[in-house]
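Q: Shown below is the structure under consideration.
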Amino acid sequence: MKSSSRPALLAGLWRRLASLVYESILLFGLVFISGYLFVALARDAQHGLIRLTFQGYLLAVCGAYFVFCWSRSGQTLAMKTWRLRLQTDAGAKVAPGRALLRYLLAIPSVGLGLGLAWALVDRDRQFLHDRLAGTRIVRVESEM
């Protein structure tokens, strides 16, 4: 990460939404492969407790991906492509615990769409899960 004397600029809403669309395409592949491995071992994931286990497993796989990326570099592959980075409100690197909190808050926030709609009324256009977790997505400056 490049150090700068001026604070990082908040990423625009449309850029963050575009990154979210790209992220969902990448997650499709991760969930597909993870789901295939689970079903290959369990032979069934459609009924009862095994279905609930399967759903929890997929949430955990996605969570591991996000928490690892956010706490390691502040960026997922989609965020790197769109030149975005997650950081705390103070501008620091996101710790694994805070990254996990953001992920857990993002599940209903993004899943129900209310957290995304929140950005339309938020003073900084931040998503609800970012506001609650004390994080923000900023633009990455060119390092040339």
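When we follow my numbering, the leftmost residue of the sequence shown carries the number 15, and every step to the right adds one.
Here a beta-carbon is modelled for each residue, glycine too, at the ideal position from N, C-alpha and C.
None of these values were measured; they are calculated from a predicted model.
What number of angstroms, rounded off, separates the C-alpha of W28 from the C-alpha of F42?
A: Roughly 21 Å separates the two Cα atoms.
Q: According to DSSP, is V53 helix, strand or coil?
A: Helix at V53.
Q: Start and end of the alpha helix (DSSP H) containing V81?
A: V81 -> alpha helix (DSSP H) spans 62 to 86.
Q: Who does L98 pair with in a DSSP beta bridge?
A: In DSSP, L98 forms a bridge with R153.
Q: Quick check: what's the CA-CA separation for L63 versus G70?
A: Going from the Cα of L63 to the Cα of G70 covers about 11 Å.
Q: Just mark D138 as buried or exposed, buried being the case when its beta carbon has 16 or more other beta carbons within 10 Å.
A: Counting Cβ neighbours within 10 Å, D138 comes out exposed, since fewer than 16 surround it.
Q: Who are the near neighbours of T146 in its chain, counting only those whose CB is closer than 6 Å to its CB and skipping five residues on each side?
A: One point to set straight first is that residue 146 is Leu, not Thr, in the sequence displayed. Contacts found: L119.
Q: Please classify L24: does DSSP put it in a helix, a strand, or coil?
A: The answer is strand: DSSP assigns L24 an E or B state.
Q: What is the rounded straight-line gap between the Cα of E155 and the Cα of V75?
A: Their Cα atoms are separated by approximately 30 Å.
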